[in-house]
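S.K.: I am attaching a structure below and will ask some questions about it afterwards.
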Amino acid sequence: LIGMIGERLDHESTHSSNVQKIKSQPSNLSPIMPISNIAVGSPSEATRPDALKAALAEFISTMIFVFAGSGSGMAFNKLTDNGATTPSGLVAAALAHAFGLFVAVSVGANISGGHVNPAVTFGAFVGGNITLLRGILYWIAQLLGSVVACLLLKFATGGLVVPAFGLSAGVGVLNAFVFEIVMTFGLVYTVYATAVDPKNGSLGTIAPIAIGFIVGANILAGGVFSGASMNPAVAFGPAVVSWSWSNHWVYWAGPLVGGGIAGLVYELFFINTTHEQLPTTDY
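The sequence shown maps to residues 2 to 284 in this note's numbering.
Following this line, the structure appears as structure tokens:
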């Protein structure tokens, strides 16, 4: 996955004109601590052509993903008379989101890194792989992409309701919060392991597939409980268009906490350690 691997490799070279990872000022913290690499970035970064192109790529990728994911649920509801909450509806949602994210990450990887998710961007930030200002730019693009996708869905379907995320009956807020933390941790950890870690070897070529698979699997595991958002942008667009904000904070707090923990854990325990890579034939 050239784009996201490039972010990690650029950490070693300040001469690249397309730096994705920007080192912070010297810190008293140990160099193995991810927080020592966190950087705010220069205000001019937000207007640089490469940053604007990356933001546009995030907008388009997120729009593609949300249109496919939310659209599949709306289509299933129409075909089955509101049967999206049935077991077959859950499987359909998992497949649609897995395939959609695979494509969205693939098409954005070489331009922006293919984050397509504010939680992934936040995980990259706390791990020192993206500056705060560029991260904010990504967030804006991702949220706008989701809103535009949902508006297009509402228009194209003749005014059908774009379902907002919500808790299932009998599921408490704390339960959903934990679900979102754990599922997003798995997602961002997968992103780090397959796309960010420079030691990933040939695994980097399957990063979009692995990322799509973990999202699909998590939807099968948590979809009937919290809706399995794992992505604040995915929840934000439908909430805006349907103007439904019940427990919406869960779909921000949970993914951001899970993504942040994953970024810190991987950076702290794996990125800065060396190991002898297994031969390709061993996996």
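Where is the CB? At the ideal position from N, CA and C, for every residue including glycine.
Because the structure is a prediction, the values reported are computed rather than measured.
1) Counting only the same chain and skipping the five closest in sequence on each side, list residues whose C-beta sits under 6 Å from that of GLY187.
2) Taking only the alpha-carbon atoms, compute the straight-line gap between ASN219 and ALA52 and give it to the nearest angstrom.
3) Quick one: any contact between the region 148 to 166 and the region 232 to 240, if contact means 3 or more CB pairs under 8 Å?
4) Could you check if ILE33 is buried or exposed, using at least 16 other CB atoms within 10 Å of its CB as the buried criterion?
5) Taking the C-alpha atoms as reference points, what is the distance between VAL162 and ALA120?
6) Within 10 Å of its beta-carbon, does GLN26 have 16 or more other beta-carbons around it, so buried, or fewer, so exposed?
7) In chain order, what are the residue ranges of uninterrupted alpha helix (DSSP H) at least 4 long that sit wholly in the region 164 to 214?
8) In chain order, what residues of the same chain lie with their CB nearer than 7 Å to the CB of SER1, ignoring the 5 residues before and after it?
9) Could you give the distance in angstroms between the alpha-carbon of ALA55 and the alpha-carbon of ILE112?
10) I'd like the ranges of any alpha helix (DSSP H) spanning at least 4 consecutive residues and lying wholly in the region 77 to 140.
11) Tell me whether TRP140 is buried or exposed, calling it buried when 16 or more other Cβ atoms sit within 10 Å of its Cβ.
12) When DSSP labels each residue in this structure, what does ASN248 get in the three-state scheme?
13) Tell me the rounded alpha-carbon separation between TYR190 and LYS79.
14) Expressed to the nearest angstrom, what Euclidean distance is found between the alpha-carbon atoms of ALA177 and PHE123?
M.R.: Quick answer:
1) The residue given as residue 187 occupies position 186 in the sequence shown. ILE215.
2) As a first step, residue 219 must be located in the sequence shown, where it is residue number 218. As a first step, residue 52 must be located in the sequence shown, where it is residue number 51. If I take the Cα positions, the gap works out to 31 Å.
3) yes
4) The residue labelled residue 33 in the question sits at position 32 within the sequence shown. Residue placement at ILE33 is flagged as unreliable, the pLDDT there being 46, under the threshold of 50; the coordinate-derived value follows with that caveat. Classification of ILE33: exposed, given that the 10 Å Cβ count is below 16.
5) Locating residue 162 in the sequence shown gives position 161, counting from the first residue. Locating residue 120 in the sequence shown gives position 119, counting from the first residue. Their Cα atoms are separated by approximately 26 Å.
6) What you label residue 26 is simply residue 25 of the sequence shown in a count that begins at 1. Its pLDDT being 33, under 50, GLN26 is placed unreliably by the model, and the measurement read from it follows with that caveat. The residue is exposed, with fewer than 16 neighbouring Cβ atoms inside 10 Å.
7) 174 to 192
8) The requested residue 1 is not part of the displayed model; the chain covers only 2 to 284.
9) Position 54 of the sequence shown holds residue 55. Position 111 of the sequence shown holds residue 112. Taking the straight line from one Cα to the other gives about 5 Å.
10) 88 to 109 and 119 to 127
11) Mapped onto the sequence shown, residue 140 falls at position 139. Result: buried.
12) Taking the sequence shown and counting its residues from 1, the one referred to as residue 248 is at position 247. Here ASN248 sits in coil by DSSP.
13) Here residue 190 refers to the residue found at position 189 of the sequence shown. Here residue 79 refers to the residue found at position 78 of the sequence shown. Their Cα atoms are separated by approximately 35 Å.
14) Locating residue 177 in the sequence shown gives position 176, where the first residue counts as 1. Locating residue 123 in the sequence shown gives position 122, where the first residue counts as 1. Straight-line Cα distance between these residues: approximately 20 Å.
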